[in-house]
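Here our numbering is used: the first residue of the sequence shown is 10, the next is one more, and so on. Just so it is clear, CB atoms sit at the ideal spot from N, CA and C, and this is done for glycine as well. These notes are about the structure you will find just below.
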Amino acid sequence: MTKDSLYNLTLESFPYDEAKIMGKWVYKKLNFNPDTWEHAPRVVREKAKEYDLSLLKILWQGLSKDGTRKFLLGLKDKNSIEAVLIESENDKRLRSTLCISSQVGCAIGCTFCHTATQGLTRHLTTAEIVGQYLTVSSWMRENVDKDYQISNIVFMGQGEPLHNFENVKKACYLLTDPLGIALSKNKVTISTSGLVPKIKQWEELPDVNVAISLHAIRNNLRSELMPINKRYQVDGLLEALKTIPVKNSRRIMYEYLLIKDLNDTQEDIDGLIENLPKKESKINIIPFNEYPESKFKRPSDEHIEWFQRSLQAAGLTCTVRETKGDDILAACGQLKTQYEKLNLPNSN
10 MTKDSLYNLT LESFPYDEAK IMGKWVYKKL NFNPDTWEHA PRVVREKAKE
60 YDLSLLKILW QGLSKDGTRK FLLGLKDKNS IEAVLIESEN DKRLRSTLCI
110 SSQVGCAIGC TFCHTATQGL TRHLTTAEIV GQYLTVSSWM RENVDKDYQI
160 SNIVFMGQGE PLHNFENVKK ACYLLTDPLG IALSKNKVTI STSGLVPKIK
210 QWEELPDVNV AISLHAIRNN LRSELMPINK RYQVDGLLEA LKTIPVKNSR
260 RIMYEYLLIK DLNDTQEDID GLIENLPKKE SKINIIPFNE YPESKFKRPS
310 DEHIEWFQRS LQAAGLTCTV RETKGDDILA ACGQLKTQYE KLNLPNSN
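See the structure below:
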């Protein structure tokens, strides 16, 4: 008989005392063998052993020259997903952000995204979503630093998180449960392409951050880049976002993939200035990460700077995301495709 994964259940599924002990050993100490839980009551250890506590299989991991690590993770049905660990310094403190996947493949079909070429295979279970955090955290503690802590989670890997709403919701509660992984809610970000009906259900989620994969403000261009815009156009998307309470000086992040000679014109700048509320918005410019067979190109550094400064001059908060992991195929879907073509060596 196959055991259900413990990571498919929120800790609220257990009595408080049991949840506290299991949360301490599994989610905080990353100890997945109940027989070694010192001083834990036998009844709790036996209860934990009723569930599957196994992690995902690391098929490949690589370290970029800039410190980014990418993991190709194997699932029990032989499918694979990707997770990327990005380190940066924030006020001289190390910030470690794990970018995780929510689906095997994706159904949205964005023309600039490598994952879109793979189509949608299935949703990830809650256990497979949380398992990315547990697997990468455990590997880092065993191989890099025994006290390693991932500080931020972003749902920006393969898949549309809101398309897998229920499992992503449950994963967010596990990630932020004080008895469990206990990440601060403002350290978890869900990125969506704009599934308006699910955006209107945002209040069902813990108070996590929202990021919108906008990429174009003109409806005709956004529909060309992102077929979902044919159903949920920009004006309806922006209206739906008004239902999300923006608390504690937080802002809605708009991700804007900057593509040469496509969405990087003065007309695009004017559209962003006209349509995005200045106080509640933060634009994150992402220079296009070119991959083999891609028809799109990255703008020059000078053009990227001009685009950013033009938005800032109009009062919009605007940053440029530093490109990470180019040498290890860190953009979504690139590694999986190459792994299936080639026998990639581990890069330690």
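- Residue pairing from DSSP leaves residue 258 without any beta-bridge partner.
- With a 10 Å radius around the Cβ and a threshold of 16 neighbouring Cβ atoms, residue 48 comes out exposed.
- When the beta-carbon positions are compared, residue 39 and residue 144 stay at least 7 Å from each other.
- Unbroken beta strand (DSSP E) runs of no fewer than 3 residues, entirely contained in the segment 164–214, are found at 197–201, following chain order.
- In the assembly as shown, residue 270 is an exposed residue. Its beta-carbon has fewer than 16 other beta-carbons within 10 Å.
- Annotation: residue 332 is outside any beta strand (DSSP E) and is labelled neither H nor E by DSSP.
- Counting every other CB atom within 10 Å of its CB across the protein chains shown gives residue 264 a total of 16 or more, marking it as buried.
- Taking C-beta atoms as the reference points, residue 305 and residue 273 fail to come closer than 7 Å.
- Taking each of 213, 247, 208 and 212 in turn and checking the Cα distance to residue 225, the smallest one comes out for 247.
- Annotated as proximal: residue 237 and residue 117, with beta-carbon spacing under 7 Å.
- Closest option to residue 105, judged by alpha-carbon separation, among 173, 243, 278 and 154: 154.
- When 86, 95, 87 and 88 are compared, the shortest CA-CA separation from residue 73 is found for 95.
- Judged by DSSP secondary structure, residue 92 falls outside any alpha helix (DSSP H) and instead within the beta strand (DSSP E) spanning 89–99.
- For residue 102, the uninterrupted beta strand (DSSP E) segment begins and ends at 102–108.
- The beta carbons of residue 188 and residue 197 sit about 16 Å from each other, so the pair does not count as a contact at 8 Å.
- C-alpha of residue 223 to C-alpha of residue 148: approximately 34 Å in a straight line.
- If you look at residue 66, you'll find it in the beta strand (DSSP E) that goes 66–72.
- DSSP places residue 53 in the helix class (H, G or I) of the three-state scheme.
- Going by DSSP, residue 292 is part of the beta strand (DSSP E) stretching over 290–296.
- Between the segment 49–65 and the segment 202–221, the count of Cβ pairs shorter than 8 Å is below three; the stretches do not touch.
- Of the candidates 294, 170 and 91, the residue whose Cα lies closest to the Cα of residue 123 is 91.
- DSSP, reduced to helix, strand and coil, places residue 311 within a helical segment of the structure shown.
- Sequence-distant Cβ neighbours of residue 132 in its own chain, meaning closer than 7 Å and more than five residues away, are 112, 173 and 176.
- Ranking 88, 330 and 287 by CA distance to the CA of residue 134 puts 88 first.
- Secondary structure of residue 217 (DSSP, three-state): coil.
- The closest CA to that of residue 165, considering only 86, 108, 267 and 191, is found on 108.
- Between residue 17 and residue 191, the C-beta spacing is not below 7 Å.
- Under DSSP, the beta-bridge partners assigned to residue 83 are 66 and 89.
- Beyond the five residues adjoining it in sequence on each side, residue 178 comes within less than 7 Å, by CB distance, of 213 and 214 in the same chain, given in chain order.
- In the three-state scheme derived from DSSP, where H, G and I count as helix and E and B as strand, residue 158 is classed as coil.
- Residue 326 carries a strand assignment under DSSP once its states are collapsed to helix, strand and coil.
- A direct Cα-Cα distance of roughly 52 Å separates residue 309 from residue 22.
- Relative to residue 325, the option among 286, 221 and 296 whose CA is nearest is 286.
- Within the DSSP bridge table, the entry for residue 113 names 131 as partners.
- In the same chain as residue 259, and ignoring 5 residues on each side of it, the C-beta atoms closer than 8 Å to its own belong to 195 and 218, in chain order.
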